[in-house]
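To keep things clear, I will list the structure first and then write my remarks on it.
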Amino acid sequence: MLELLLPPPVDPLWDLTEAFGADARPERLNLVLGVYRDHTGGTPVMAAVREAEIRLAERSESKEYRGLSGNGAFNRAMVSMVLGTGEAAERAVAVQTVAGSGALRLLADLVCRTRPGTTVWISDPAYVNHRPILEAAGLTVRTYGWLDAEGRSDTAAMLRDLEDARRDDVVLLQGCCHNPTGVDPSPQAWEAVAELSVRNGWVPFVDLAYHGLGDGLEADLAATRMLAERVPEMLIAISCSKNFGLYSDRTGCAVVLGASRQALRHAETALQNAARTLYSMPPEHGAAVVTAILEDDGLRAAWRAELDAMRGRITANRSDLTAQLMGLGWESQAESLARQKGMFSMLPLTPDQMLRLRSQFAIYGTTSGRVNIAGIPADRIPCLAQGIAGVLDAVRDGVSDRA
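In case it helps, my numbering puts the sequence shown at residues 64 to 466.
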């Protein structure tokens with residue numbers, strides 16, 4: 064049987080991570096995976112998470128099954144955190160998932176169960192796993208514009224493309240800190256998206272993976288909350304990997320907003336059935352940790368302070384890199400980086416130039432130009448800036464990208 068298996072495509076991010084691990088150069092720098100690293104290059108457990116884990120361990124009495132929807136208190140906490148306590152939260156149902164990717168897949172399965180072959184629109188460029196997840200669920204994928212030639216948010220192109228989205232199509236939107244570009248629409252652009260959704264009848268599908276790491280938790284959730292107030296139906300995939308640092312605990316939530324209680328009951332059951340056939344039910348630990356934090360005033364305040372500090376360090380990294388590139392004579396490229404926000408940035412380099420950055424300077428990012436700004440030790444930012452400038456200098460001096 065296995066001899067009949069054709070060579071499957073490799074995951075580009077994990078393929079690069081393996082290549083980094085095999086690189087013997089001591090100066091190598093891994094900016095591929097989206098994890099927060101402190102000034103030493105480590106990925107620490109947040110103090111609020113550690114304290115919550117201690118408390119949970121002290122009072123742990125059972126590891127009995129939670130059920131197909133997972134931890135109910137966690138689900139309620141996610142809805143409250145993302146949507147607040149208004150009308151939108153009252154017409155939402157949620158199930159715990161295996162991280163944000165699991166939420167994306169469960170919601171994609173829900174869409175396919177509702178209307179097989181539904182067209183889902185994603186940005187171009189998009190998170191590397193969006194298309195594979197959606198197509199694996201049996202959905203058709205189309206793209207809408209995201210950036211202009213200068214690397215700015217291209218609202219006109221986005222709205223022009225989404226005019227072709229039909230009633231009951233689904234449009235996948237990253238709620239903040241766009242991956243891979245770090246470029247988000249303006250508040251006015253978000254308003255226009257909501258108006259277009261209502262007018263043309265397509266369903267927004269919001270991916271929330273980085274809230275709290277852009278402009279602050281409340282500001283990063285503003286677009287999602289505005290959409291929830293305006294549209295009759297909406298899907299939301301939530302990840303706790305980044306803002307709680309629960310990467311390997313795989314903690315997430317799928318939320319559905321609908322216009323009737325019956326529709327929501329059916330949606331919840333469909334999500335439970337999809338989970339049952341994929342993994343039965345999600346792991347408890349991460350959800351219990353998040354719930355313990357959000358239900359305790361002291362832990363919640365400590366977590367928010369840590370999250371703000373993480374965001375501050377990411378912002379400082381980007382500002383430092385911008386200043387370094389300015390000093391090396393690459394002003395327009397630096398200005399492009401300065402407009403971005405969140406964990407990732409897109410370097411102004413071609414795929415061949417990214418390969419040169421890797422081979423010549425031992426700096427690993429994706430061929431699309433994406434690098435993890437949150438993963439740079441502060442003392443390595445000059446090295447990154449010099450590597451970028453070195454690649455750009457080679458192009459300016461007429462050296463082949465493929466050298």
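Here a beta-carbon is modelled for each residue, glycine too, at the ideal position from N, C-alpha and C. All values reported here derive from a predicted model rather than from experimental measurement.
For residue i, which option in the options has the closest C-alpha, if you only look at C-alpha atoms?
{"i": "A337", "options": "A166, R324 and M373", "result": "A166"}
{"i": "A111", "options": "A228, L119 and G104", "result": "L119"}
{"i": "A272", "options": "H329, S302, R88 and T413", "result": "S302"}
{"i": "A136", "options": "L455, A333 and E358", "result": "E358"}
{"i": "E150", "options": "A257, L276, C240 and A322", "result": "A322"}
{"i": "Y99", "options": "A317, P445, P440 and I451", "result": "P440"}
{"i": "P243", "options": "P72, G84, P70 and G405", "result": "G405"}
{"i": "R113", "options": "A140, V73, F307 and T314", "result": "F307"}
{"i": "R433", "options": "R363, Q403, L391 and S395", "result": "Q403"}
{"i": "M109", "options": "Y310, L412, S431 and M344", "result": "Y310"}
{"i": "A61", "options": "T429, S143, E394 and S132", "result": "Given that the chain is displayed from residue 64 to residue 466, the structure contains no residue 61 and the question cannot be resolved."}
{"i": "M144", "options": "C240, I356 and Y342", "result": "I356"}
{"i": "E198", "options": "M389, A219, D211 and A171", "result": "A171"}
{"i": "R194", "options": "A212, T177 and R168", "result": "R168"}
{"i": "G130", "options": "G438, D360, F424 and L334", "result": "L334"}
{"i": "V142", "options": "D415, G180, M221 and A317", "result": "A317"}
{"i": "R313", "options": "G349, A140, A326 and V294", "result": "G349"}
{"i": "S216", "options": "G201, C240, A200 and L284", "result": "C240"}
{"i": "P107", "options": "S304, S123 and L362", "result": "S304"}
{"i": "A425", "options": "A85, E66, W77 and P72", "result": "A85"}
{"i": "G392", "options": "R363, D415, G375 and R459", "result": "R459"}
{"i": "A257", "options": "A300, L222, G201 and A82", "result": "L222"}
{"i": "L173", "options": "L298, I436, F407 and R363", "result": "L298"}
{"i": "I377", "options": "M389, R367 and A437", "result": "A437"}
{"i": "Y427", "options": "G315, L284, P179 and L76", "result": "L76"}
Any Cβ of chain D within less than 8 Å of the Cβ of residue i?
{"i": "V98", "result": "Although the question refers to chain D, the structure presented lacks it and comprises just one protein chain."}
DSSP has residue i in a bridge; who is on the other side?
{"i": "V204", "result": "V183"}
{"i": "C316", "result": "Q159 and I301"}
{"i": "L327", "result": "Paired residue(s): none; L327 is not in a bridge."}
{"i": "S216", "result": "L210"}
{"i": "L236", "result": "V269"}
{"i": "L92", "result": "I426"}
With 16 as the cutoff for other CB atoms within 10 Å, does residue i come out buried or exposed?
{"i": "A466", "result": "Only weak support exists for where A466 lies, its pLDDT of 43 falling under 50; the value from the coordinates is given anyway. So A466 counts as exposed."}
{"i": "E121", "result": "exposed"}
{"i": "D227", "result": "exposed"}
{"i": "E347", "result": "buried"}
{"i": "T340", "result": "exposed"}
{"i": "I117", "result": "exposed"}
{"i": "M64", "result": "exposed"}
{"i": "Y190", "result": "buried"}
{"i": "H102", "result": "exposed"}
{"i": "E127", "result": "exposed"}
{"i": "P70", "result": "exposed"}
{"i": "T354", "result": "buried"}
{"i": "V246", "result": "buried"}
{"i": "L146", "result": "buried"}
{"i": "L79", "result": "buried"}
{"i": "G163", "result": "buried"}
{"i": "S249", "result": "exposed"}
{"i": "D74", "result": "exposed"}
{"i": "L410", "result": "buried"}
{"i": "A219", "result": "exposed"}
{"i": "L276", "result": "buried"}
{"i": "S343", "result": "exposed"}
{"i": "P345", "result": "buried"}
{"i": "S123", "result": "exposed"}
{"i": "G125", "result": "Looking at the sequence provided, one finds Ser at residue 125 rather than Gly. Its Cβ having fewer than 16 others within 10 Å, S125 is exposed."}
Could you check if residue i belongs to the surroundings of the ligand SAM, using beta carbon to heavy atom distance under 7 Å?
{"i": "S323", "result": "For the ligand SAM, the structure offers nothing, since it holds no ligand at all."}
Query raised in the report: Counting pairs of beta carbons, one from the segment 244-254 and one from the segment 273-293, are three or more of them closer than 8 Å?
Result: yes
**Report entry** 4-residue-minimum alpha helix (DSSP H) runs that sit fully inside the segment 130-200, ordered along the chain
**Finding:** 135-146, 150-153, 162-177 and 193-199
**Report entry** Three-pair Cβ contact test at 8 Å for the segment 324-335 versus the segment 179-198
**Finding:** no
Report task. Spell out a yes or no on whether the segment 443-461 and the segment 381-388 are touching, meaning 3 or more CB-CB pairs, one atom from each, closer than 8 Å. Result -> yes
Query raised in the report: When the Cβ atoms of the segment 416-425 are set against those of the segment 448-455, are three or more pairs found closer than 8 Å?
Result: yes
Query - contact_flag[the segment 232-248, the segment 257-270] where n(CB pairs < 8 Å) is 3 or more - result: yes
Query - Every unbroken beta strand (DSSP E) within the segment 253-301, with a cutoff of 3 residues, ordered by chain - result: 266-271
Query raised in the report: For the 8 Å Cβ check, are there 3 or more pairs between the segment 200-213 and the segment 81-92?
Result: no
Query raised in the report: Could you give the uninterrupted runs of the beta strand (DSSP E) lying entirely in the segment 376-461, keeping only those of 3 residues or more?
Result: 407-409 and 433-435
Report task. Evaluate the contact criterion for the segment 356-374 versus the segment 273-280: three or more CB pairs, one atom per stretch, below 8 Å. Result -> yes
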